[in-house]
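The block underneath contains the structure these notes are about, expressed in structure tokens.
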Amino acid sequence: MAQMTMIQAITDAMRTELKNDENVLVYGEDVGQNGGVFRATEGLQDEFGEERVFDTPLAESGIGGLTLGLAVTGFRPVMEIQFFGFVFETMDEVVGQIARLRYRTGGKYGAPVTIRTPYGGGVKTPELHADSLEGIIAQSPGISVVIPSTPYDAKGLLISAIRSNDPVFYLEHMKLYRSFREEVPEEEYTVEIGKADVKREGKDVTLIAYGAMVHTCLKAADQLAEEGYEAEVIDLRTVSPIDMDTIVESVKKTNRAVMVQEAQRQAGVGSNVMADLNERAILHLEAPVLRVAAPDTVFPFAAAEDVWLPNENDVIEKAKAVLNF
Amino acid sequence: MATKTIEQVESHFEMFQILNENGEVVNKDAMPDLSDEQLQEIMHRMVYTRIWDQRAISLNRQGRLGFYAPVAGQEASMIGSHYALEKEDWILPGYRDVPQVVWHGLPLYQAFLYSRGHFHGGQIPEGVNILPPQIIIGAQIVQAAGVALGLKRRHKDNVAITYTGDGGASQGDFYEGMNFAGAYEAPAIFVVQNNQFAISVPVEEQSAAKTIAQKAVAAGIHGVQVDGMDILAMYSVTETARKNALNGEPTLIESVCYRYGPHTMAGDDPTRYRTEELDNEWEKKDPLIRFRKFLEDKDLWNEEKENEVVDQAKADIKEAIKQADDTPKQKASDLIEIMYEKLPQNLQEQLEEYREKESK
């Protein structure tokens, strides 16, 4: 075991799979000698050579097309989009092409593709670097969307993503890259895609979150505990498909739920969770499912991030509203 | 000063031709090394494809085919470039480029199923290195750079060839694909079939560039403009492009051609944007007429041979349509099943729901 930050765990996962499978290729803008702008690919080019870990020209659609082409010639591409906001440049290749490849070839060609990209607020980036755009990808059939919240999950989920014979969009919350360390096994292991994780058990209310909001919910749960409420915290880990079984099981126990997301109210994946709870668990609910989300504006300029992003007080407020309904 | 620079570039892109409109060899030194049998085979494919195009149009009108983009006028461009390829080369077609993928090995009945929107049309047989026709203009161009890099990394002596139209050359992906292939010295060939109109918009409105071929200059790859109604010229430039590609030098081929028919069979009316005079002018350049003349002068073709091909094409089409008709209809559950290798929770539930519905 080693103490790792999330970014170290991500690098470790790529190193593990580069070693395991010669068809794994890692590439993107500044990914080669520079090791990526966040150093996620630090040292990988030196270790595995320029044919396996390499820079691309600066063109995201080109990178997406490169990925599809490499996939059909038998490679297992791990492409990086430097920041999630740049995904618009390659939306066609990602959701129009890669995600549809298996379907449009009648199952003949899968796309064993992993698309990694940093996202998430709280680190004061320029425009279109921090937006939570996961909802846009999550509503696209044919591609899974994975968002780890801990170093342990980051490694296990990334290894699962790279081994998947279908495309996985893997989102890395920038604020979590180096915010804390935890024990991460040095050997290989996987975390199953499509499985949520109960981060904290509780009997009074279920807080459902993903990405950095998992930690916000855990803090909120600590405070709620001081006031005598036991909150259960679920980390979705995969936001498409959503593990409704785990959520419904929790709600059957707590009878109350709050959906928490960093994305705008109209975006993200909260609406899906709430609609599904309506279909699957309404008779178990003692109160409407409420949500904590950012307002429906453009992601704010850096100086306004703190007043825009949801925080633990917002979670506590909504939790109390359902608890006291 | 700037204008002069552009003129200097453009002056290098003269149209390459071997056979003129009358079937006369005007560029003897460039004659490709093709046997009599190969020359006959090329003619066979052009005649066959013309008949198939006519049948496809009429089958579409009868409601027996779906989406179809007519190819008449572009046979030399399509078949000439394809004939220069090897079996293991990869083709990334645009939606009109069905002849190339069929001559590369996609069974005709599957091409018909693709037209009807049946998923079996996209189930490409093992060993046929093609992707299904691309609908998004330019998406296949960036993918071709990826396939080419994959072939290079696997040390294959094969190339990736991709096709688009004159409108496609305005897309950002067009430049990105050429630029990636150039930067990675990947074995790619980019064919632009400049058939003069992107649906209705004339090529002159697409760009200030006088040729599409010159756009290769910006990406640092070879560029050539060729008479796309001349099959020997098309074959010759593609053969050269293939050799260069295997040396890590991609090529952009601009094939100057014309589509006689509408953009697709879905209601396009070319009389809204083309004159009869223009149609007539291009029909004089017809690829079949000039190549037939060339072969007849060499005693390699005659009416009897032509009729044999026509009969064979008609029989094959009839058989292919029958095979398409006999293919089981698709069910919603089939389509759910081909989404992923392992179905996730949501689709597993939906699969059960649809199977239940279908069993009633």
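Residue numbers (our numbering), protein chains in the order written: chain A, 1 to 325; chain B, 1001 to 1360. C-beta atoms are modelled at their ideal positions from N, C-alpha and C, and glycine is treated no differently.
(1) Suppose you measure from the CA of B/S1333 to the CA of B/E1341; what does that come to, to the nearest Å?
(2) Name the DSSP bridge partner or partners of A/P77?
(3) Return the residues of the segment 1149-1165 of chain B that lie within a Cβ-Cβ distance of less than 9 Å from chain A, sorted by chain order.
(4) Please identify, using Cβ separations under 8 Å, the residues of the segment 242-276 of chain A that lie next to chain B, in order along the chain.
(5) What is the rounded straight-line gap between the Cα of A/D92 and the Cα of B/K1293?
(6) Under 7 Å, CB to CB, which of the residues in the segment 93-104 of chain A have a partner in chain B?
(7) I'd like the list of long-range same chain contacts for A/V292, defined as Cβ closer than 6 Å, with 5 residues on each side in sequence excluded.
(8) Counting only beta-carbon separations shorter than 8 Å, does A/A304 have a partner in chain B?
(9) According to DSSP, what are the bridge partners of B/G1023?
(10) Are the segment 1280-1297 of chain B and the segment 1019-1029 of chain B touching, with three or more C-beta to C-beta distances below 8 Å?
(11) Return the bridge partner residues of B/N1194 from the DSSP annotation.
(12) Pop quiz: B/H1104 and B/H1082 are said to be a contact at Cβ under 8 Å. What is the actual Cβ separation, rounded to whole angstroms?
(13) If contacts are defined as beta-carbon pairs under 8 Å, then A/T238 and A/V145 qualify, I think. What distance do you get, rounded to the angstrom?
(14) Since A/S132 and A/A267 are thought to touch, with beta carbons under 8 Å apart, how far apart are those beta carbons, to the nearest angstrom?
(15) Work out the CA separation of B/E1205 and A/I7 for me, nearest whole Å.
(16) Cβ closer than 7 Å: which chain A residues qualify as neighbours of B/F1013?
(17) According to DSSP, is A/P118 part of a helix, a strand, or is it coil?
(18) Decide yes or no for the touch test of the segment 1069-1080 of chain B against the segment 1230-1240 of chain B: beta carbon pairs closer than 8 Å, at least 3 of them.
(19) So which residues on chain A does B/D1033 lean against when the C-beta distance must stay under 9 Å?
(20) For B/N1247, which of B/I1057, B/K1152 and B/G1172 has the nearest alpha-carbon?
(21) Is DSSP giving B/G1177 helix, strand or coil here?
(22) Going along the chain, which residues of the segment 1052-1070 of chain B sit with their C-beta nearer than 7 Å to a C-beta in chain A?
(23) Considering Cα atoms alone, identify which of A/E305, A/A154 and A/E230 is closest to A/T5.
(24) Since A/G64 meets chain B, which of its residues come closer than 8 Å, beta carbon to beta carbon?
(25) At the level of alpha carbons, what is the spacing between A/L101 and B/M1339?
(26) Write down the C-beta distance between A/E134 and A/A263 rounded to the nearest angstrom, noting that I regard them as a contact closer than 8 Å.
(27) How big is the Cα-Cα spacing for B/F1197 and A/K195?
(28) Using CA coordinates, which residue listed in A/R265, A/R181, A/E201 and A/E226 is at the minimum distance from A/D235?
(29) Nearest-angstrom Cα distance between A/A103 and B/V1102?
(30) Compare the C-beta of A/K336 against all C-beta atoms of chain B and say whether one is closer than 8 Å.
(31) I'd like to know whether the C-beta atoms of A/F84 and A/T117 end up nearer to each other than 8 Å.
(32) Mind checking who B/I1115 pairs with in its DSSP beta bridge?
(33) Taking the DSSP output, what are the residues bridged to A/R200?
(34) Starting from the beta carbon of A/S61, find every residue of chain B whose beta carbon is closer than 7 Å, and list them in chain order.
(35) Would A/P126 be called buried (16 or more neighbouring beta carbons within 10 Å of its own) or exposed?
In short:
(1) Roughly 14 Å between the two C-alpha positions.
(2) Paired residue(s): A/L25.
(3) Under the 9 Å Cβ criterion, the segment 1149-1165 of chain B contributes L1149, G1150, L1151, R1153, R1154, K1156 and A1160.
(4) So the list reads I242, D243, M244 and D245, given in the order they occur along the chain.
(5) One alpha carbon belongs to A/D92, the other to B/K1293, and they sit about 45 Å apart.
(6) Going along the segment 93-104 of chain A in chain order, one finds E93, G96, Q97, R102, Y103 and R104 with a Cβ nearer than 7 Å to chain B.
(7) Within the same chain, A/V292 has close Cβ partners V260, P310, D314, V315 and K318.
(8) No, A/A304 does not count as interfacial toward chain B.
(9) In DSSP, B/G1023 forms no bridge with anything.
(10) These segments touch.
(11) In the DSSP secondary-structure assignment, B/N1194 is bridged to B/V1256.
(12) Contact flag correct, Cβ pair sits at about 7 Å.
(13) Right, their Cβ atoms sit about 7 Å apart.
(14) Confirmed, about 7 Å.
(15) If you draw a straight line from the Cα of A/I7 to the Cα of B/E1205, it is about 49 Å long.
(16) Going along chain A, no residue has its Cβ under 7 Å from B/F1013, so there is no contact; the nearest lies around 24 Å.
(17) Note: A/P118 maps to strand in three-state DSSP.
(18) Contact between the segment 1069-1080 of chain B and the segment 1230-1240 of chain B is established, with three or more Cβ pairs separated by less than 8 Å.
(19) What B/D1033 touches in chain A: nothing, since even the nearest Cβ is about 30 Å away.
(20) Relative to the Cα of B/N1247, the nearest Cα in the group B/I1057, B/K1152 and B/G1172 belongs to B/K1152.
(21) Here B/G1177 carries a helix assignment [DSSP, helix/strand/coil].
(22) Cβ contacts with chain A: none found.
(23) The option with the nearest alpha carbon to A/T5 is A/A154.
(24) In chain order, V1142 make up the part of chain B whose C-beta sits under 8 Å from the C-beta of A/G64.
(25) If you take the alpha carbons of A/L101 and B/M1339, they lie about 9 Å apart.
(26) At roughly 7 Å, the Cβ-Cβ gap stays under 8 Å, so A/E134 and A/A263 are in contact.
(27) Going by the C-alpha atoms only, they are around 51 Å apart.
(28) Comparing Cα-Cα distances from A/D235 to each of A/R265, A/R181, A/E201 and A/E226, the minimum goes to A/E201.
(29) For the sequence presented, residue 103 of chain A should be read as Tyr rather than Ala. Between the alpha carbons of A/Y103 and B/V1102 lies a gap of roughly 20 Å.
(30) Not covered by the structure: residue 336 of chain A. The range shown for chain A is 1 to 325.
(31) The answer is yes: Cβ separation under 8 Å.
(32) For the sequence presented, residue 1115 of chain B should be read as Ser rather than Ile. According to DSSP, B/S1115 bridges with nothing at all.
(33) Answer is A/V233.
(34) Within 7 Å Cβ-Cβ: V1142, G1172, D1173 and E1176.
(35) Only exposed fits A/P126, as fewer than 16 other CB atoms lie within 10 angstroms of its CB.
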